[in-house]
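Engineer:
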Amino acid sequence: MEIIMIIVCGILTSISVYLILSKSLIRIIIGTAVQTHAANLFLITMGGLNEGAVPIFQPGTKSYVDPIPQALILTAIVISFAVTAFFLVLTFRSYKELGTDNVERMKGVPEDDD
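For the sequence shown, the numbering used here begins at 15 and goes up steadily by one.
In structure tokens, the structure reads:
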């Protein structure tokens, strides 16, 4: 099961890199969101997909699930939500001021005629 999750993480990472390297700010924001999802999936996979009891000490518990990866991912989800919200506000404001979401037009670089 871990191999399948690693392959999915690789696919999500390649999709996110493609989106981040595009010229549109909205695609860049979607790419960063996909990248955070890929990183969270990678963290949970590396934490181990084990079955066990809740990590509360009770007599007779032989194995339990490690709570650290879940705590890290919960923190990462909150941070990625805040960063995505900030990116969206920044994009909206730059679109209102400049009238475009194309990164090359924002810099004043002439477009290619290809």
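Idealized CB from N, CA, C, for every residue including glycine.
Going by beta-carbon coordinates alone, are T46 and I20 separated by less than 9 Å?
Structural biologist: Along the sequence shown, one-based indexing puts residue 46 at 32. Along the sequence shown, one-based indexing puts residue 20 at 6. No.
Engineer: Return yes when the Cβ of I29 is within less than 9 Å of the Cβ of F101, no when it is not.
Structural biologist: Here residue 101 refers to the residue found at position 87 when the sequence shown is read from its first residue. Here residue 29 refers to the residue found at position 15 when the sequence shown is read from its first residue. No, these two residues do not count as a Cβ contact at 9 Å.
Engineer: As an exercise, report each continuous alpha helix (DSSP H) stretch of at least 4 residues that is fully enclosed by the region 72-106, in chain order.
Structural biologist: Whole alpha helix (DSSP H) segments, 4+ residues: zero.
Engineer: Leaving out five residues before and five after L55 in sequence, what residues of the same chain have Cβ atoms less than 8 Å from its Cβ?
Structural biologist: Numbered from 1 along the sequence shown, position 41 holds the residue referred to as residue 55. Hits under 8 Å: M19, V22, C23, L26.
Engineer: Applying the 10 Å Cβ sphere with the 16-neighbour rule, what's the burial state of V48?
Structural biologist: Walking along the sequence shown from the start, residue 48 turns up at place 34. When all chains shown are included, V48 counts as buried.
Engineer: Touching or not, the region 105-118 and the region 35-42, by the rule of three or more beta carbon pairs under 8 Å?
Structural biologist: Output reads yes: the region 35-42 touches the region 105-118.
Engineer: So, with DSSP's three-state summary, where would you put S108?
Structural biologist: Working through the sequence shown from its first residue, we reach residue 108 at position 94. Helix, per DSSP.
Engineer: First and last residue of the alpha helix (DSSP H) that includes G24?
Structural biologist: Sequence index remark: in the sequence shown, residue 24 carries index 10 (1-based). From DSSP, the alpha helix (DSSP H) with G24 extends over 16-34.
Engineer: Could you tell me if L33 is buried or exposed, where buried requires 16 or more neighbouring beta carbons within 10 angstroms of its beta carbon?
Structural biologist: Here residue 33 is taken as the residue at index 19 of the sequence shown, counted from 1. Result: buried.
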